[in-house]
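There are 2 protein chains.
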Amino acid sequence: MDSNQDRKTYTRRDLLKLAGAGGVGLLLGAGGVGSLMMNSKTTASGSPGTPPSASEDIVPFYGKHQSGIVTPMQDFICMGAFDLTTTDVQAVRELFKSWTEACARMTAGQGVGDESTNAFLPPKDTGEAIGLLPTRLTFTFGVGASFFDQRFGLAGKRPEALIDMPRFKGDALVDDWSNGDVVVQVCANDPQVAFHGIRNLARIARGKAVLRWLQQGFQRTGAADPKGSTPRNLLGFKDGTNNPDVKNASVADEVVWVPPTDGPAWMTGGSYMVVRRIRMRIEVWDRTSLGEQELTFGRHRDSGAPIGEKDEFAKLDFSKKDAKGRPLIDPASHVALAHMEGKVQILRRGYSYSNGIDLKTGQLDAGLLFICYNRDPRKQFVPMQQKLAAQDRLNEYIVHVGSGLYACLPGVGQGGYIGDTLL
Amino acid sequence: MDSNQDRKTYTRRDLLKLAGAGGVGLLLGAGGVGSLMMNSKTTASGSPGTPPSASEDIVPFYGKHQSGIVTPMQDFICMGAFDLTTTDVQAVRELFKSWTEACARMTAGQGVGDESTNAFLPPKDTGEAIGLLPTRLTFTFGVGASFFDQRFGLAGKRPEALIDMPRFKGDALVDDWSNGDVVVQVCANDPQVAFHGIRNLARIARGKAVLRWLQQGFQRTGAADPKGSTPRNLLGFKDGTNNPDVKNASVADEVVWVPPTDGPAWMTGGSYMVVRRIRMRIEVWDRTSLGEQELTFGRHRDSGAPIGEKDEFAKLDFSKKDAKGRPLIDPASHVALAHMEGKVQILRRGYSYSNGIDLKTGQLDAGLLFICYNRDPRKQFVPMQQKLAAQDRLNEYIVHVGSGLYACLPGVGQGGYIGDTLL
Chain A
1 MDSNQDRKTY
11 TRRDLLKLAG
21 AGGVGLLLGA
31 GGVGSLMMNS
41 KTTASGSPGT
51 PPSASEDIVP
61 FYGKHQSGIV
71 TPMQDFICMG
81 AFDLTTTDVQ
91 AVRELFKSWT
101 EACARMTAGQ
111 GVGDESTNAF
121 LPPKDTGEAI
131 GLLPTRLTFT
141 FGVGASFFDQ
151 RFGLAGKRPE
161 ALIDMPRFKG
171 DALVDDWSNG
181 DVVVQVCAND
191 PQVAFHGIRN
201 LARIARGKAV
211 LRWLQQGFQR
221 TGAADPKGST
231 PRNLLGFKDG
241 TNNPDVKNAS
251 VADEVVWVPP
261 TDGPAWMTGG
271 SYMVVRRIRM
281 RIEVWDRTSL
291 GEQELTFGRH
301 RDSGAPIGEK
311 DEFAKLDFSK
321 KDAKGRPLID
331 PASHVALAHM
341 EGKVQILRRG
351 YSYSNGIDLK
361 TGQLDAGLLF
371 ICYNRDPRKQ
381 FVPMQQKLAA
391 QDRLNEYIVH
401 VGSGLYACLP
411 GVGQGGYIGD
421 TLL
Chain B
1 MDSNQDRKTY
11 TRRDLLKLAG
21 AGGVGLLLGA
31 GGVGSLMMNS
41 KTTASGSPGT
51 PPSASEDIVP
61 FYGKHQSGIV
71 TPMQDFICMG
81 AFDLTTTDVQ
91 AVRELFKSWT
101 EACARMTAGQ
111 GVGDESTNAF
121 LPPKDTGEAI
131 GLLPTRLTFT
141 FGVGASFFDQ
151 RFGLAGKRPE
161 ALIDMPRFKG
171 DALVDDWSNG
181 DVVVQVCAND
191 PQVAFHGIRN
201 LARIARGKAV
211 LRWLQQGFQR
221 TGAADPKGST
231 PRNLLGFKDG
241 TNNPDVKNAS
251 VADEVVWVPP
261 TDGPAWMTGG
271 SYMVVRRIRM
281 RIEVWDRTSL
291 GEQELTFGRH
301 RDSGAPIGEK
311 DEFAKLDFSK
321 KDAKGRPLID
331 PASHVALAHM
341 EGKVQILRRG
351 YSYSNGIDLK
361 TGQLDAGLLF
371 ICYNRDPRKQ
381 FVPMQQKLAA
391 QDRLNEYIVH
401 VGSGLYACLP
411 GVGQGGYIGD
421 TLL
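In order, the protein sequences belong to chains A and B.
Quick note on the UniProt record's numbering: the first sequence kicks off at 1 and runs consecutively.
Quick note on the UniProt record's numbering: the second sequence kicks off at 1 and runs consecutively.
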């Protein structure tokens with residue numbers, strides 16, 4: 001995805017100057033982020049020492065849709081799934097309300113809860129983000145199929161599109177890295193801010209839910225790529241060139257958002273999130289010739305252009321032949337299969353991960369935390385992945401080791417809470 | 001550590017404008033970084049597509065000392081230890097030469113090796129950093145005690161200061177996360193650039209050395225903290241306030257660099273690196289009162305100031321008493337013990353880490369990748385850690401799970417290679 005976001009940040013001093021000139025209002029979008037100037041301990045709300053934030057560092061938490069879906073990709077992700085330990089639906093409701101309040105505050109650059117300096121109590125916020133800008137922090141919540149089992153009386157509300165994911169050819173899924181009752185995707189342009197987000201949600205959940213899995217991810221940052229060109233995956237290839245242009249609302253409606261006609265009603269404006277932890281066989285790939293690598297992807301490595309083209313964004317034309325009459329882009333290449341004759345699209349939002357080494361083999365435990373959004377996985381992700389799992393040349397170099405499908409709730413209005421249309 | 005680095009980056013366009021004005025020379029320091037302008041495939045050296053880099057994105061690899069020691073801390077680390085699989089000292093020499101060449105290129109923003117477009121060969125560089133600025137990439141090499149065993153005929157050269165680390169009270173060390181023949185600390189202001197660095201070293205080592213452990217780490221970035229204030233650890237406290245000011249060369253000489261008088265001669269200008277993987281008991285900490293947290297560190301959480309003070313950088317005065325005559329800063333607090341009556345200093349260079357969750361307990365597997373440099377661990381790190389291990393209030397909330405001590409080689413001159421004074 002060519003996000004090309006504006007990476008400019010303001011210093012506190014810049015903001016104070018602007019505030020003096022009455023200009024801070026100009027920096028604030030329509031998001032209504034609450035009290036932003038909280039520079040002293042005497043401010044009732046806000047963590048002491050938290051600097052003010054410019055609107056470009058804030059993605060509003062409240063809205064028609066959840067943020068973190070069509071939001072241009074931030075540089076870091078810290079993502080986790082929770083299993084509920086309570087069987088009381090009212091306790092779940094309370095948890096989602098507490099999470100909503102915490103997310104609204106953190107995305108606005110505030111600490112969790114009004115800060116107390118009472119030495120006899122644990123601080124409400126864990127503290128590692130004090131003084132940091134929110135750096136476009138977003139939280140995106142989804143619920144898995146297990147949320148609709150017998151525990152909470154919600155079985156009748158399970159969407160038909162929230163299927164039990166079929167087993168794909170080659171899957172080597174680890175249960176501990178898959179599924180979960182509730183998933184939370186936390187993204188930000190700073191890894192400490194993202195970690196702080198999920199850590200505080202886990203803390204708030206104590207007694208009601210526990211983390212089932214947690215995975216951090218990254219891509220190249222603005223420090224290394226000020227122009228914001230298409231990120232490369234750990235196989236060295238650009239990844240996301242052909243992502244649908246969801247800045248165009250009709251494209252987003254077609255690909256991502258559940259319309260009222262799809263049902264159930266509580267999912268209108270939501271989306272379905274697929275997560276796949278895809279380990280890359282990096283050492284094998286690194287012994288592979290450039291020709292084989294490019295054949296596998298169907299693109300040139302350095303430019304990202306389709307085979308035979310020069311421009312990354314050149315149209316994919318599968319009818320083009322080489323001098324010997326063979327297709328320039330191999331029909332079993334990743335790009336050819338994922339294209340799905342242009343009829344099926346998903347919104348990809350993946351991050352690289354690195355979990356050290358596999359102690360059994362000494363090989364790198366690294367790959368892609370693949371995330372995608374689609375309005376109906378039965379018509380989008382599943383047929384695409386079935387095709388890829390069966391034929392993709394890339395399968396020689398990757399293995400899917402974790403998986404999850406989640407119904408991503410609609411956005412939350414001011415005064416509402418995440419999941420309020422369902423609960 | 002208050003690094004307060006200049007975080008400005010240049011776009012490629014800025015640089016081309018400067019180049020047009022004949023101004024690129026002004027951007028280059030004394031580091032002699034070789035060919036910087038390599039914008040086309042016709043350039044003999046340099047990975048195609050690699051953008052030019054400003055000197056502030058480049059820390060020179062060659063010099064009297066290795067970089068990455070007194071270099072202001074970058075935001076990311078990707079650090080690993082290798083075990084040698086060869087027993088031929090000449091093969092080790094060749095490996096260190098190849099690593100030197102690769103590091104000199106990568107730190108200058110070039111790919112590993114002159115890039116070939118020969119489709120029948122694997123690319124020399126793994127590709128994920130193509131087009132990225134080097135973002136102050138540094139490589140810092142050290143050798144462990146096992147490097148001096150019987151394999152390479154170097155037993156007689158082992159420095160006395162490269163001791164077998166004593167077992168400290170409370171240590172719960174995991175062998176797989178400790179020691180190793182060779183350690184490499186890779187730091188950069190971009191996580192993909194840092195990963196690319198160690199991954200390519202591992203690739204070059206194939207047949208001669210394998211990764212024994214690998215750990216990534218982070219701190220708050222310039223995106224979240226444009227002013228570059230003291231980073232906070234994952235317990236929410238500022239970490240590094242009292243680090244020695246190694247910008248002052250006489251302080252660096254006193255604390256960090258091995259002088260000729262210490263011996264052995266091949267270590268002159270080197271340093272000793274200690275690595276400790278310190279897991280934090282985050283869930284327990286988060287249930288602890290603010291008062292207990294501040295008592296434990298001996299500092300206020302929000303300001304970072306010593307207890308009873310307002311300013312982070314206020315002098316530590318352990319003679320100050322409260323109204324009841326008790327010391328303001330508890331004698332068993334972390335800051336009081338680590339102070340060592342002002343007589344012992346180390347240069348700390350730690351990063352936070354997060355490795356997902358501990359699947360056995362569901363708790364966060366996160367903490368501090370503690371790294372420090374000192375000129376003699378027998379006189380600096382070891383006595384300090386013995387005192388901390390025995391008495392530090394913080395021990396209730398942390399556990400040391402990995403450990404390594406390494407002789408960090410002197411810097412490399414142009415034409416030399418890392419370790420050439422030893423090998």
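Positions of the beta carbon are idealized from the N, C-alpha and C atoms, including for glycine.
Using a Cβ cut-off of 9 Å (strictly closer), state whether residue i contacts chain C.
i	result
F237 of chain A	No chain C is part of this structure, whose protein chains are labelled A and B.
Would you say the beta carbon of residue i is closer than 8 Å to some non-hydrogen atom of the ligand NAD?
i	result
S146 of chain B	What this structure holds is no ligand at all, so the ligand NAD is not there to describe.
Using the rule of at least 16 other Cβ atoms within 10 Å of the residue's Cβ for burial, across every protein chain shown, is residue i buried or exposed?
i	result
T100 of chain A	buried
P260 of chain B	exposed
T241 of chain A	buried
A223 of chain A	buried
V255 of chain B	buried
V382 of chain B	buried
P231 of chain B	buried
M38 of chain A	Below a pLDDT of 50, predicted positions are generally treated as unreliable, and M38 of chain A, at 29, falls in that range; the measurement from the model is reported next regardless. M38 of chain A should be labelled buried.
K41 of chain B	Interpretation of K41 of chain B is limited by its pLDDT of 28, a score under 50 that renders its predicted location unreliable; the figure taken from the coordinates is listed afterwards. Classification for K41 of chain B: exposed.
G23 of chain A	Low local confidence applies: a pLDDT of 31 at G23 of chain A is under 50, so the model's placement there is unreliable, with the coordinate-based value given in what follows. Under this definition G23 of chain A is an exposed residue.
Q216 of chain B	buried
F370 of chain A	buried
L121 of chain A	exposed
A108 of chain B	buried
N233 of chain B	buried
Name the chain B residues whose beta carbon is nearer than 7 Å to that of residue i?
i	result
S333 of chain A	By Cβ distance, chain B contributes nothing, its closest Cβ being about 15 Å from S333 of chain A, past 7 Å.
F218 of chain A	P191 and Q192
Q215 of chain A	G356
N179 of chain A	Simply none; closest approach about 14 Å.
V274 of chain A	Going along chain B, no residue has its Cβ under 7 Å from V274 of chain A, so there is no contact; the nearest lies around 20 Å.
Between the Cα of residue i and those of the options, spot the shortest distance and give me the residue it belongs to.
i	options	result
L201 of chain B	B:V183, B:P191 and B:V256	B:V183
P134 of chain B	B:L235, B:P159, B:D114 and B:P191	B:P191
Q363 of chain A	B:T421, B:K64, B:L214 and B:S146	B:L214
K247 of chain B	B:V89, B:Q380, B:P231 and B:V70	B:V70
R212 of chain B	B:R301, B:F82, B:E309 and B:S55	B:F82
L359 of chain A	B:F147, B:S178 and B:K124	B:S178
V344 of chain A	A:D164, A:Q386, A:V193 and A:G217	A:Q386
G367 of chain A	A:F237, A:G304, A:A194 and A:K320	A:F237
M79 of chain A	A:H339, A:M340, A:S403 and A:F195	A:F195
K124 of chain B	A:S289, A:L409, A:P331 and A:A265	A:S289
I77 of chain B	B:M340, B:S403, B:W266 and B:F218	B:F218
G170 of chain B	B:M106, B:D392 and B:Q90	B:D392
Mind reading off the beta-carbon distance from residue i to residue j? Whole number of angstroms is fine, and I expect it under 8 Å.
i	j	result
A252 of chain A	V401 of chain A	Not quite, the Cβ-Cβ distance comes to about 30 Å (not below 8 Å), so this is no contact.
A145 of chain B	R158 of chain B	7 Å
T126 of chain B	D262 of chain A	Between D262 of chain A and T126 of chain B the Cβ distance is about 43 Å, and since that is not below 8 Å, they are no contact.
residue 438 of chain B	G298 of chain B	Nothing about residue 438 of chain B can be read from this structure; chain B reaches only from 1 to 423.
A272 of chain B	A161 of chain B	Strictly speaking, residue 272 of chain B in this sequence is Tyr, with Ala absent from that position. With a Cβ gap of about 6 Å, Y272 of chain B and A161 of chain B count as contacting.
residue 425 of chain A	S319 of chain A	Because chain A here runs from 1 to 423, residue 425 of chain A falls outside it and cannot be looked at.
The beta strand (DSSP E) with residue i in it runs from where to where?
i	result
V399 of chain A	I398 to C408
A209 of chain A	A209 to F218
A305 of chain A	It is not in any beta strand (DSSP E) - A305 of chain A carries neither H nor E in the DSSP assignment.
Can you pull the chain B neighbours of residue i, defined as C-beta to C-beta under 9 Å?
i	result
P72 of chain A	Correct list: empty, because the minimum Cβ distance to chain B is about 14 Å.
P383 of chain A	The premise fails here: P383 of chain A is roughly 30 Å from chain B at the closest Cβ pair, so nothing lies under 9 Å.
L211 of chain A	G356, I357, G362, Q363 and L364
N118 of chain A	S289, L290 and G291
Under DSSP, the alpha helix (DSSP H) around residue i begins and ends at which residues?
i	result
A202 of chain A	P191 to I204
S250 of chain B	A249 to V255
G367 of chain A	No alpha helix (DSSP H) holds G367 of chain A; the beta strand (DSSP E) holding it covers Q363 to N374.
V92 of chain A	V89 to T107
Along chain A, which residues have their Cβ under 9 Å away from the Cβ of residue i?
i	result
D352 of chain B	The sequence as given places Ser at residue 352 of chain B; Asp does not occur at that position. In chain order: E128, P191, Q192 and F195.
Using a cut-off of 8 Å between C-beta atoms, extract the partners of residue i located in chain A.
i	result
P123 of chain B	G236, L290, Q293 and R301
Please list, in chain order, the chain A residues whose beta carbon lies closer than 7 Å to that of residue i.
i	result
R287 of chain B	P122
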